[in-house]
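Heads up, the sequence shown is in my numbering, so the first residue is 8 and it goes up one at a time.
Ideal Cβ positions, reconstructed from N, Cα and C, are used throughout, including at glycine.
Report on one structure; see the data block that follows.
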Amino acid sequence: MTNNCRLFVGNISFRTLENDLHDHFAQAGVVTSCTLMLDKFTGRSRGFAFVEMSTAEEAAKAVEMFHGKEFQERALTVNIARPREEREGRPSR
């Protein structure tokens with residue numbers, strides 16, 4: 008089952024906070040969650056996040072509005088997030 012409401016957001020400035028992203032993506036609709044990925048050792052941003060919108064339509068609107076657009080001096084990468092198993096390479100034979 009895929010979740011077309013969950014977005015991958017990349018190329019985020021290391022000084023961006025979750026609240027900044029939440030407020031930015033709220034322009035496209037209702038943000039149900041926003042998780043900035045942090046380095047587990049340093050606590051610093053890893054430069055990407057996952058944002059979940061309330062509907063697939065709002066998620067698609069956010070991709071259209073923000074992919075390739077500048078936010079805090081960085082051009083964001085915004086895509087519908089894929090489940091982990093879709094991102095992994097093929098098993099070796």
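Any idea if L45 is buried or exposed, counting beta-carbon neighbours within 10 angstroms, 16 or more meaning buried?
-> Classification for L45: exposed.
What do you reckon, are the CB atoms on A66 and L14 nearer than 8 Å?
-> In contact: A66 and L14 (Cβ atoms closer than 8 Å).
Tell me whether L28 sits in a helix, a strand or coil according to DSSP, three-state version.
-> DSSP, reduced to helix, strand and coil, places L28 within a helical segment of the structure shown.
Which residues DSSP lists as bridging G17, in chain order | Residue pairing for G17: DSSP places it in a beta bridge opposite F55 and T84.
Same chain only: Cβ atoms within 8 Å of N11, ignoring 5 sequence neighbours per side = Correct list, in chain order: A63, A66, A67 and I87.
Looking only at its own chain, which residues have a Cβ that is under 6 Å from the Cβ of F73, when we skip the five neighbours before and after it?
-> L83 and V85, listed in sequence order.
Determine which residues share a DSSP beta bridge with M72 and list them.
-> Paired residues: none, contrary to the question.
Relative to the C-alpha of R51, which residue among V16, F21 and A69 is closest?
-> The shortest C-alpha to C-alpha distance from R51 to any of V16, F21 and A69 is the one to F21.
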